[in-house]
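Engineer: Before we start, here is the structure in question, set down as structure tokens.
4 protein chains.
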Amino acid sequence: MDDEQRRRGRPRSAEADRAILEAARDLLIADGYEQLTMQAIAERAGVGRQTVYRRWPSKAGIVAEAVMAGLLSPVPSDMAGGADATAPADLRAWLHAAAVGLSDATNLTIVRALAAAAAETDAGAIRLYRAFTEQGRTDLIDLLRTAVARCEVRADADLEAAADAIQGAVLYTALAYRPPKVEHLDSLADLLLAGLAPR
Amino acid sequence: MDDEQRRRGRPRSAEADRAILEAARDLLIADGYEQLTMQAIAERAGVGRQTVYRRWPSKAGIVAEAVMAGLLSPVPSDMAGGADATAPADLRAWLHAAAVGLSDATNLTIVRALAAAAAETDAGAIRLYRAFTEQGRTDLIDLLRTAVARCEVRADADLEAAADAIQGAVLYTALAYRPPKVEHLDSLADLLLAGLAPR
Amino acid sequence: MDDEQRRRGRPRSAEADRAILEAARDLLIADGYEQLTMQAIAERAGVGRQTVYRRWPSKAGIVAEAVMAGLLSPVPSDMAGGADATAPADLRAWLHAAAVGLSDATNLTIVRALAAAAAETDAGAIRLYRAFTEQGRTDLIDLLRTAVARCEVRADADLEAAADAIQGAVLYTALAYRPPKVEHLDSLADLLLAGLAPR
Amino acid sequence: MDDEQRRRGRPRSAEADRAILEAARDLLIADGYEQLTMQAIAERAGVGRQTVYRRWPSKAGIVAEAVMAGLLSPVPSDMAGGADATAPADLRAWLHAAAVGLSDATNLTIVRALAAAAAETDAGAIRLYRAFTEQGRTDLIDLLRTAVARCEVRADADLEAAADAIQGAVLYTALAYRPPKVEHLDSLADLLLAGLAPR
DNA sequence: TTTTAAGCGAGACGGTACGTCGTGTCTTGTT
DNA sequence: AACAAGACACGACGTACCGTCTCGCTTAAAA
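Sequence order for the protein chains is A, B, C and D. Take 1 as the starting number for the first sequence in full-length UniProt numbering and just add one per residue. Take 1 as the starting number for the second sequence in full-length UniProt numbering and just add one per residue. Take 1 as the starting number for the third sequence in full-length UniProt numbering and just add one per residue. Take 1 as the starting number for the fourth sequence in full-length UniProt numbering and just add one per residue.
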């Protein structure tokens, strides 16, 4: 089966793809989503405007792709707990890392941009949010699953729901408080751990 | 003593204020935040463009004001539990109401618009989110406080943190899932209630 | 009989009249007719906008009035020839004075403004041009009539036609040449004097 | 050798140039210079507003170009005298034709528009007047030169000064009198011919 | 090889919204 | 009444982007 029939004519420049996404990321971080324009992206990428449109129909699409490509990841994801870690410590560490990450103006800008981009696609909004939070979600679920194995979390808990709740709470706290309410996140950790603890 | 020194010249039309906010709300719900333009707002409000700019510098400001004025309240707020209600029932009822509210395309549009508006103000973003969620937050805290009084929730719980976490989780679920994962919210309720329960 | 029935209410401020015309003149000289606005006139005159509109319907009207009031006279008019003057000398003196007057940037600006103002009134254009040139026309005709009396100009010459021709030629030369072609005006004087001389 | 280095990008539409100038001319004739707007020009030309600004910075520039392009020539120029014509007859014929031309409301509107356009360019004013009158000036000088050859005009006359004076007088008469004073022009012709006649 | 087809930078095109400014009118309270 | 102040509906200003469309050119597969 031949899935790749070579298209004729000059092939698209992979370099241009990269340059466009990077330009979009840089401008996004610098000026925010609203100020981001196709025009400016093309100029900064050193690329014709049509070359951008040939690839993506709108800036929301570009931002989405940049997120997918991992060019815009807000929270450092390597929160794998050490051998001697416990569930409470792991969870608190994750939440603290998230809080620190979202304290940074750049990352906050990215989150807001994401929200703005999601507001105009409608169809892509869900995909966009999921892509953005996928890594953290996986990490959290792994973390909790490990805790279940250690009998620090009860076996019948809905880990996915917990992970979503944590991410939602973290994002909301980051967006609605400046500086982020770290004590809220600590309380949240206590609360969840109490709820998740084996009876 | 009259501290109200009458300002000179023709006073601003309160009618125009109202018309502008309503026009903005209608257009926002109909077309989304990105399509919303100062031009269109003015036209629909039957008002000169300058009359809009005289009051608000940008569409983000108008949306913010509309939120403050309660013209855009996403979640029905009269969730006061009945006399025989219990904490689990109340919380589940609130979460269900929120889920139902955010299932509505109109309210989802509003939430997304809010996120987009918040992305471009920077200074006003926090104020905006807080205004938007204030009512629900108050309701939730009241609800939980009542539960504390009934000894259904332990006295040393951080109710504010819980309320923020709930709102964040609900909003995130609404934005990242379509249709909203009601079962997630149910699990979330279980989790929180377990965590909040007296030891 | 008193046909002047006193009007009721507060009488119009003569001071305002003056201030408006002077403001218009100053702004006109400074920035040209196109930049002249009712707004700016009112502000510079220290007067409400309505106070201007109450008196004149448009900037063309104000400029016309300013011309009528002699606030904008381009050519110094005291060209009355001395007792020992002769027609050739008088005419050359007048043309030189006109050329010198129109060499001044201020006066040139005024002439151009006049042309612009005349372009938009249509009805008032003729009145405007005539008011502007009336003084010079009268002077010229007097000058020529004196010359007729001295038998330096033949009696059957059409002095009005000559005066109009002179003014037209002078204005055109001022508008179409920069610096003004004084030698053209000298040649014109020669030409006209030859044509006007007694046979 | 090719000194014409091809400019990059899509070339400007010559069609748009033409459409804009024609639209400007039509609107100018219809409504006068003051009512002429870049907006209206673009609409009538069926062209984007930017396409107009890309070419000319202001309506004065457009009017100037239209004059240069001969789209706005007020006086029919083919006044070449017949074989049996004489200087007096030719000159009178020219003046009459000019008077007739400027009697027409359209042409008068154009002349006034020209004056208004000239009032706001300052730099281009002279160029504009000269372009507008160039054809007539040339015709007049030719006419007078022919008369010199026939010994109907003396050889040392300053023909350029005479031509400018005639044009100025004609334009002024057209602007300051309504209906134009044809008898003044006749008198002017007599006067000039007497002045120009060989001694 | 030559042809053909697509990509590319550049920039003009018809549009639309921006935010500002001026217009002429209309309230305000004061003189 | 007239006045200063200033809001009002309106509409043109000149700019910035939108998404599309030529241009001349490059690039690489197909003929």
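Glycine included, C-beta positions come from ideal geometry on N, C-alpha and C. Computed from a predicted model, the values in this text were never measured in an experiment.
(1) So, does the stretch 145 to 155 of chain D touch the stretch 144 to 154 of chain C, judging by three or more C-beta pairs under 8 Å?
(2) Can you name the residues of chain D whose CB is closer than 9 Å to the CB of serine 103 of chain C?
(3) Between alanine 135 of chain A and chain B, is the shortest Cβ-Cβ distance under 9 Å, so that the two count as touching?
(4) Using alpha carbons as the reference points, say which of D:Leu171, D:Asp158, D:Gly46 lies closest to arginine 112 of chain D.
(5) Since leucine 102 of chain C contacts alanine 118 of chain C with CB under 8 Å, what's their CB separation in whole angstroms?
(6) Please say whether leucine 28 of chain D and isoleucine 110 of chain D have beta carbons closer to each other than 9 Å?
(7) DSSP three-state call for proline 88 of chain A: helix, strand or coil?
(8) So that I know if they touch, is there some Cβ in chain C lying closer than 9 Å to that of arginine 112 of chain D?
(9) Nearest by alpha-carbon distance to glycine 46 of chain A: which of A:Asp156, A:Asp164, A:Asp31, A:Arg18 is it?
(10) If I'm right that alanine 169 of chain D touches alanine 87 of chain C with Cβ under 8 Å, what's the distance once you round it to whole angstroms?
(11) At a CB-CB cut-off below 9 Å, which residues of chain A make contact with residue 210 of chain B?
(12) Which residues in chain D have a C-beta closer than 8 Å to the C-beta of glutamine 167 of chain C? List them in chain order.
(13) Assuming leucine 192 of chain C contacts alanine 161 of chain C under a Cβ cut-off of 8 Å, what Cβ separation, rounded to an integer in Å, is found between them?
(14) Closer than 8 Å between beta carbons: that is the criterion. Which residues of the stretch 118 to 143 of chain B meet it against chain A?
(15) How close, in whole Å, do the beta carbons of methionine 68 of chain D and alanine 131 of chain D come, if the pair is a contact with beta carbons under 8 Å?
(16) Output the boundary residues of the alpha helix (DSSP H) element that contains glutamate 15 of chain D.
(17) Mind checking tyrosine 53 of chain D: buried by the 16 CB within 10 Å criterion, or exposed?
(18) Considering only residues of the same chain and omitting the five flanking positions on each side of threonine 106 of chain B, which have a CB-CB separation below 6 Å?
(19) Name the chain A residues that come within less than 9 Å of glycine 195 of chain B, Cβ to Cβ?
(20) What does arginine 8 of chain D touch in chain C if you count any residue whose Cβ is under 7 Å from its own?
(21) Please report the straight-line C-alpha distance between alanine 98 of chain B and arginine 137 of chain B, rounded to a whole angstrom.
(22) I'd like to know if alanine 162 of chain C contacts chain D, where contact means its C-beta is closer than 9 Å to some C-beta of that chain.
(23) Output yes if chain A places a C-beta closer than 9 Å to the C-beta of tyrosine 53 of chain B; else output no.
(24) Just tell me which of C:Asp31, C:Gln39, C:Leu188 has its CA closest to the CA of alanine 93 of chain C.
(25) Nearest to alanine 115 of chain D by alpha carbon, out of C:His96, C:Ala194, C:Ser58, C:Ala174?
(26) Express the C-alpha separation of glycine 70 of chain C and glutamate 134 of chain D in angstroms, rounding to a whole number.
(27) Quick one: is arginine 25 of chain B buried, meaning 16 or more other Cβ sit within 10 Å of its Cβ, or exposed?
(28) Please state if the CB of glycine 124 of chain A and the CB of alanine 66 of chain A are separated by a distance shorter than 9 Å.
(29) What are the boundary residues of the alpha helix (DSSP H) that lysine 59 of chain A is part of?
(30) I want to see whether chain A comes within less than 9 Å of serine 187 of chain B, judged by CB atoms only; does it?
(31) For leucine 175 of chain D, would you say it is in contact with chain C, using Cβ-to-Cβ distances shorter than 9 Å as the test?
(32) Within its chain, find whatever has a CB closer than 8 Å to the CB of valine 148 of chain D; leave out the 5 residues flanking it on each side and keep chain order.
(33) To the nearest angstrom, report how far apart glutamine 167 of chain D and tyrosine 33 of chain C are at their CA atoms.
(34) Throw me the rounded Cβ distance for the isoleucine 20 of chain D and arginine 55 of chain D pair, which I believe falls under 8 Å.
(35) Measuring CB to CB, does glycine 195 of chain D end up less than 9 Å from glycine 195 of chain C?
(36) How big is the Cα-Cα spacing for leucine 91 of chain B and leucine 140 of chain B?
Structural biologist: By the coordinates alone:
(1) no
(2) On the third sequence, position 103 is the one that residue 103 of chain C refers to. Neighbours of serine 103 of chain C on chain D: none; closest Cβ ~14 Å, over 9 Å.
(3) For the purposes of this step, residue 135 of chain A is taken as residue 135 along the first sequence, with counting starting at 1. A small correction: the amino acid at residue 135 of chain A is glutamine; alanine does not occupy that position in the sequence shown. By this cut-off, glutamine 135 of chain A is not an interface position.
(4) On the fourth sequence, residue 112 of chain D is found 112 positions in, with the first residue counted as 1. Here the closest residue by C-alpha is D:Leu171.
(5) As a working note, residue 102 of chain C is residue 102 in the third sequence. As a working note, residue 118 of chain C is residue 118 in the third sequence. 17 Å between Cβ atoms; not a contact.
(6) Stepping through the fourth sequence from its first residue, residue 110 of chain D is reached at position 110. Stepping through the fourth sequence from its first residue, residue 28 of chain D is reached at position 28. Their beta carbons are under 9 Å apart, which means isoleucine 110 of chain D touches leucine 28 of chain D by this criterion.
(7) For the purposes of this step, residue 88 of chain A is taken as residue 88 along the first sequence, with counting starting at 1. Helix, per DSSP.
(8) The residue labelled residue 112 of chain D in the question sits at position 112 within the fourth sequence. Interface residue, yes.
(9) Translated into positions along the first sequence, residue 46 of chain A becomes position 46. Of the candidates A:Asp156, A:Asp164, A:Asp31, A:Arg18, the one whose C-alpha sits nearest the C-alpha of glycine 46 of chain A is A:Arg18.
(10) As a position in the fourth sequence, residue 169 of chain D is number 169, starting the count at 1. As a position in the third sequence, residue 87 of chain C is number 87, starting the count at 1. The Cβ separation is near 19 Å, so there is no contact.
(11) This structure leaves residue 210 of chain B out entirely; chain B is present only between 1 and 199.
(12) Counted from its first residue, the third sequence places residue 167 of chain C at position 167. Within chain D, the residues near glutamine 167 of chain C are Tyr172.
(13) As a working mapping, residue 192 of chain C is identified with position 192 in the third sequence. As a working mapping, residue 161 of chain C is identified with position 161 in the third sequence. With 8 Å as the limit, leucine 192 of chain C and alanine 161 of chain C do not qualify as a contact, their Cβ atoms being about 11 Å apart.
(14) Ala118, Ala119, Glu120, Asp122, Ala125, Ile126, Tyr129, Arg130, Thr133
(15) Taking the fourth sequence and counting its residues from 1, one reaches residue 68 of chain D at position 68. Taking the fourth sequence and counting its residues from 1, one reaches residue 131 of chain D at position 131. Between alanine 131 of chain D and methionine 68 of chain D the Cβ distance is about 5 Å, and since that is below 8 Å, they are a contact.
(16) Along the fourth sequence, read from residue 1 onward, the residue named residue 15 of chain D stands at position 15. First-last of the alpha helix (DSSP H) with glutamate 15 of chain D: 14 to 31.
(17) Counted from its first residue, the fourth sequence places residue 53 of chain D at position 53. It is exposed - the Cβ of tyrosine 53 of chain D has fewer than 16 other Cβ atoms within 10 Å.
(18) Position 106 of the second sequence, counting from 1, holds the residue named residue 106 of chain B. Cβ within range, chain order: Ile29.
(19) One-based indexing of the second sequence puts residue 195 of chain B at position 195. Here the neighbours are Asp190, Leu191, Leu192, Leu193, Ala194, Gly195, Leu196, Ala197.
(20) What you label residue 8 of chain D is simply residue 8 of the fourth sequence in a count that begins at 1. By Cβ distance, chain C contributes nothing, its closest Cβ being about 37 Å from arginine 8 of chain D, past 7 Å.
(21) Residue numbering aside, residue 98 of chain B sits at position 98 when the second sequence is read from its first letter. Residue numbering aside, residue 137 of chain B sits at position 137 when the second sequence is read from its first letter. Approximately 12 Å, taken between the alpha carbons.
(22) Position 162 of the third sequence, counted from the start, is the residue given in the question as residue 162 of chain C. Taking Cβ atoms only, chain D reaches closer than 9 Å to alanine 162 of chain C, which makes this a yes.
(23) The residue you call residue 53 of chain B lines up with position 53 of the second sequence. No, no contact with chain A.
(24) Locating residue 93 of chain C in the third sequence gives position 93, where the first residue counts as 1. Among C:Asp31, C:Gln39, C:Leu188, the Cα nearest to that of alanine 93 of chain C belongs to C:Leu188.
(25) As a working note, residue 115 of chain D is residue 115 in the fourth sequence. It is C:Ala174.
(26) Counting from 1 along the fourth sequence, the entry for residue 134 of chain D is found at position 134. Counting from 1 along the third sequence, the entry for residue 70 of chain C is found at position 70. Glutamate 134 of chain D and glycine 70 of chain C: Cα-Cα distance of roughly 34 Å.
(27) Position 25 of the second sequence, counted from the first residue, corresponds to residue 25 of chain B. With 16 or more Cβ atoms within 10 Å of its Cβ, arginine 25 of chain B is classed as buried.
(28) Numbered from its first residue, the first sequence carries residue 66 of chain A at position 66. Numbered from its first residue, the first sequence carries residue 124 of chain A at position 124. No. Outside cutoff.
(29) Working through the first sequence from its first residue, we reach residue 59 of chain A at position 59. Residues 59 to 68.
(30) Indexing the second sequence from 1 puts residue 187 of chain B at position 187. Chain A contact via Cβ: present.
(31) The residue labelled residue 175 of chain D in the question sits at position 175 within the fourth sequence. Answer yes: the Cβ-Cβ gap between leucine 175 of chain D and chain C drops below 9 Å somewhere.
(32) For this step, residue 148 of chain D is matched to residue 148 along the fourth sequence. The answer, listed in chain order, is Arg154, Ala155, Ala157, Leu159.
(33) As a working note, residue 167 of chain D is residue 167 in the fourth sequence. As a working note, residue 33 of chain C is residue 33 in the third sequence. Near 25 Å, if we compare the C-alpha coordinates of tyrosine 33 of chain C and glutamine 167 of chain D.
(34) Position 20 of the fourth sequence, counted from the start, is the residue given in the question as residue 20 of chain D. Position 55 of the fourth sequence, counted from the start, is the residue given in the question as residue 55 of chain D. With a Cβ gap of about 7 Å, isoleucine 20 of chain D and arginine 55 of chain D count as contacting.
(35) Position 195 of the fourth sequence, counting from 1, holds the residue named residue 195 of chain D. Position 195 of the third sequence, counting from 1, holds the residue named residue 195 of chain C. Result yes, Cβ atoms of glycine 195 of chain D and glycine 195 of chain C sit closer than 9 Å.
(36) Translated into the one-based positions of the second sequence, residue 91 of chain B becomes position 91. Translated into the one-based positions of the second sequence, residue 140 of chain B becomes position 140. Going from the Cα of leucine 91 of chain B to the Cα of leucine 140 of chain B covers about 8 Å.
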